[in-house]
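**Q** Starting off with a structure, shown below.
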Amino acid sequence: LIRLGDDLNGGEDVQMGIVSWGLQCGDEDFPGVYARVGEHYDWIAKSVCELSDSPPSYLKCPTKPYPPGSPYDPVVDLTITIRFDDYRSETGWLLESIPDMRNIIFRSFGYYKSETTVDDYNSMSETVPVHSGRFYMLSLLDEFADGFCCQVGEGYFRVESAIDEYPIVETTPGILWSPHALRRAFYVSPPDEANPPSYVTIVVKLGEEADPGKFLLVALENVMYEALMLYEIRPFVTVSDSRSGVGTVVYSRTFQVPVLGTEFNRQRYNVMVYDDNEVSQASFEVYRGYPDPENLILAQDGSYGDKNNISRSFVMFKKQGIKPRTDLPDLIEPDPSESDGDDLTVHSGGSIPQYSMPLLLAALLSLIIGWRN
15 LIRLGDDLNG GEDVQMGIVS WGLQCGDEDF PGVYARVGEH YDWIAKSVCE
65 LSDSPPSYLK CPTKPYPPGS PYDPVVDLTI TIRFDDYRSE TGWLLESIPD
115 MRNIIFRSFG YYKSETTVDD YNSMSETVPV HSGRFYMLSL LDEFADGFCC
165 QVGEGYFRVE SAIDEYPIVE TTPGILWSPH ALRRAFYVSP PDEANPPSYV
215 TIVVKLGEEA DPGKFLLVAL ENVMYEALML YEIRPFVTVS DSRSGVGTVV
265 YSRTFQVPVL GTEFNRQRYN VMVYDDNEVS QASFEVYRGY PDPENLILAQ
315 DGSYGDKNNI SRSFVMFKKQ GIKPRTDLPD LIEPDPSESD GDDLTVHSGG
365 SIPQYSMPLL LAALLSLIIG WRN
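Numbered per the numbering used here, the sequence shown spans residues 15 to 387.
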């Protein structure tokens, strides 16, 4: 709904409303219903400021912080590969840098509608140059919130670096973690860096006589950015491009997961495990850096109560005004608001966050029936 101005070129036109619902379009006998744009101005301004790299000056958006590092840091080519389901036009994706959340590349819904945008396997690969030594977040977006695996196609995604032998993000089914999106964060190492500056090691071990195929999920979520630093589906029956080899069945997996360092200040992480083995469920341990007993952050045995999933959290925190120790990859400090006197604040929950469970359950059930890469 437009209010026309005096400028014949439309420079003074004002959009007053957006169609909410109606019968067909512009029916003179049946009025349409419009949402008043002015009522949602604050949300529109906030969204533009967050998502645009060049917002209009009249919105007075705050200046975005610059990412750590130097503009002269080595540039590395990332290759993002996505295999779609049968409805690829419903899928989009966005690559951003952390913590400034600058848009590096964006592919909107409908971008892959044409058959010329994909190969014979209904997949695409795109190479993007980025500065190394930084964190990035790949957001997989789905217009209808049903993901792109596994009901109408076996979709997946993968992120590879030109300087790494193995993928940064290994082949992962297109199962959403939250409504309409899966936000996967990762670190891009410089060419001469063997290990990330800050990382945790997660060791997951199956229970006795457990079926590897029934262990469904292990994830590490950064709460502030609502991003998954680790997201492994059925990791005990490994896929072809993994470090373990084609179709290898293992009973213990170790994940070295880059995490945000002390320059990011206080960060909370959730470790989540989903195991459908009924008799004996998986145990896991989280270490600060190298898996040494002195670096142990938390440990969870295979007792989940009457549920088949468990969530544990920990806080990585830099106290203001105190010089960080240099002998540890990260600082682990108690959360004063929740500490019960222990040296480290550790939390145990009974389930994976509720917002994601219905979608995860439906998708993971289809994986049990048989997902093939």
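For glycine and all other residues, C-beta sits at the position ideal for the given N, C-alpha and C.
1. Leaving out five residues on either side along the sequence, give the residues of the same chain with a beta carbon under 6 Å from the beta carbon of R326.
2. So, do the stretch 164-173 and the stretch 183-196 have three or more beta carbon pairs nearer to each other than 8 Å?
3. Using a 10 Å radius around the Cβ and a threshold of 16 neighbouring Cβ atoms, would you call N117 buried or exposed?
4. Taking 8 Å as the cut-off, decide whether the C-beta atoms of H194 and D133 are in contact.
5. Pick out whichever of I247, R267, I177 has its Cα sitting closest to the Cα of V218.
6. Let me know if V287 comes out buried or exposed under the rule of 16 or more other beta-carbons within 10 Å of its beta-carbon.
7. V271 and L244 - do their beta-carbons sit closer together than 8 Å?
8. Identify whether V271 lies in helix, strand or coil by the three-state DSSP scheme.
9. Based on DSSP bridge pairs, tell me the residues matched to K219.
10. Going by beta-carbon coordinates alone, are M391 and Y126 separated by less than 8 Å?
11. Pick from Q281, E240, I247: whose alpha carbon is nearest that of C164?
12. So T105 and F162 are in contact, right, with Cβ under 8 Å, and what is the actual spacing, rounded?
13. Could you round the C-beta distance between S212 and Y150 to whole angstroms and report it? I think they count as a contact, below 8 Å.
14. Quick check: D87 and H145, are their CB atoms within less than 8 Å of each other?
15. Which residue from E179, I189, G319 puts its Cα closest to that of P205?
16. Counting only the same chain and skipping the five closest in sequence on each side, list residues whose C-beta sits under 8 Å from that of A159.
17. Going by DSSP, what residue range makes up the beta strand (DSSP E) through L230?
18. Verify whether the separation of the beta carbon atoms of L18 and Y48 is less than 8 Å.
19. Determine, using beta carbons only, whether L196 and L234 come nearer to each other than 8 Å.
20. Taking the alpha-carbon positions, what's the E53 to V202 distance?
21. Which one or two residues does DSSP pair with Y126 in a beta bridge?
22. Comparing C-alpha positions only, which one of K74, V51, D21, G24 sits nearest to I32?
23. Count the other C-beta atoms from every protein chain shown that fall within 10 angstroms of the C-beta of I324, then say buried if there are 16 or more, exposed otherwise.
24. Which residue wins for smallest C-alpha separation from K228, given the options V89, P85, N322?
25. With a Cβ-Cβ cutoff of 8 Å, do I216 and F278 count as a contact?
26. Report the CB separation of A241 from A199 in whole angstroms; it is logged as a contact under 8 Å.
27. Are G319 and S294 closer than 8 Å when you measure CB to CB?
28. To which residues of the same chain is G124 closer than 6 Å at the C-beta, ignoring the five residues directly before and after it?
29. Note the first and the last residue of the continuous beta strand (DSSP E) segment covering E174.
30. Considering only residues of the same chain and omitting the five flanking positions on each side of D27, which have a CB-CB separation below 8 Å?
31. Just to confirm, are V237 and R282 a CB contact at a threshold of 8 Å?
32. Take the Cβ of P143 as the centre, count every other Cβ of all protein chains shown within 10 Å, and call the residue buried at 16 or more, exposed below.
33. Please classify F162: does DSSP put it in a helix, a strand, or coil?
34. Quick one: give me the first and last residue of the alpha helix (DSSP H) that L65 is part of.
35. Can you check DSSP and say which residues form a bridge with E110?
36. Pull up the DSSP beta-bridge partners for V183, would you.
**A** Taking the coordinates as given:
1. V285, L312, Q314, S362
2. yes
3. exposed
4. no
5. R267
6. buried
7. yes
8. strand
9. S266, S297
10. There is no way to answer for residue 391, as the model of the chain reaches only from 15 to 387.
11. I247
12. 5 Å
13. Actually they are not in contact, since the Cβ atoms of S212 and Y150 sit about 15 Å apart, beyond 8 Å.
14. yes
15. E179
16. L190, P193, H194, L373
17. 229-236
18. no
19. no
20. 42 Å
21. Y126 pairs with nothing; no bridge assigned.
22. V51
23. buried
24. N322
25. no
26. 4 Å
27. no
28. S103
29. 170-175
30. I16, R17, L18, G19, D21
31. yes
32. exposed
33. coil
34. 55-65
35. N117, M151
36. V173
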